[in-house]
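The letter at position 47 of the sequence shown is residue 47 when you use full-length UniProt numbering, and the numbering goes up by one with no holes.
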Amino acid sequence: MDESIFYKRLKLLSKNLGKSLNQVEKELGYSRNGLNNYKMNHMPSALRLLELSEYFNVSPEYLFGKSELYELKGHDDKNSAEIIFRRLDEKQKLNMCKITNNWLIHEKNVI
Numbered sequence: 001m002d003e004s005i006f007y008k009r010l011k012l013l014s015k016n017l018g019k020s021l022n023q024v025e026k027e028l029g030y031s032r033n034g035l036n037n038y039k040m041n042h043m044p045s046a047l048r049l050l051e052l053s054e055y056f057n058v059s060p061e062y063l064f065g066k067s068e069l070y071e072l073k074g075h076d077d078k079n080s081a082e083i084i085f086r087r088l089d090e091k092q093k094l095n096m097c098k099i100t101n102n103w104l105i106h107e108k109n110v111i
């Protein structure tokens, strides 16, 4: 059986913070391997969902896979762009750089 989107996103967000799921569990006061309960489509309580979305600074919709946007809260546009960029994998970062470079060349005639 495949891992749930919720669990995959927990792992991705943890990795982006440079933390293991066990570290996240410890920081939030959860039992060891408590987040593994969500691996196979078990759903968190509303309280746990809110705790996790606040911890990772994403919307509950993002965690459930209902949105592809991180929907960062409490950040201005400049900081949000930097945070989003840092959360991209290497391939996504390279694609973003190519897009930005093309925009600078064709739209702004900078390069």
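Glycine included, every Cβ here is placed at the ideal spot set by N, Cα and C.
For Glu-3, the secondary structure class from DSSP, reduced to helix, strand or coil, is coil.
C-alpha of Glu-27 to C-alpha of Leu-35: approximately 12 Å in a straight line. Where Pro-60 is concerned, the enclosing alpha helix (DSSP H) starts and stops at 60–64. Taking one beta carbon from each stretch, the stretch 7–18 and the stretch 53–68 have 3 or more pairs nearer than 8 Å; the two touch. Closest in C-alpha terms to Asn-22, from the list Asn-33, Glu-68 and Lys-15, comes Asn-33.
Apart from the 5 residues on each side of it in sequence, Ile-5 sits with its Cβ closer than 6 Å to the Cβ of Gly-65 in its chain, given in chain order. Nearest to Asp-2 by alpha-carbon distance, out of His-42, Asn-109 and Glu-107, is His-42. Arg-48 and Pro-60 have their C-alpha atoms some 10 Å from each other.
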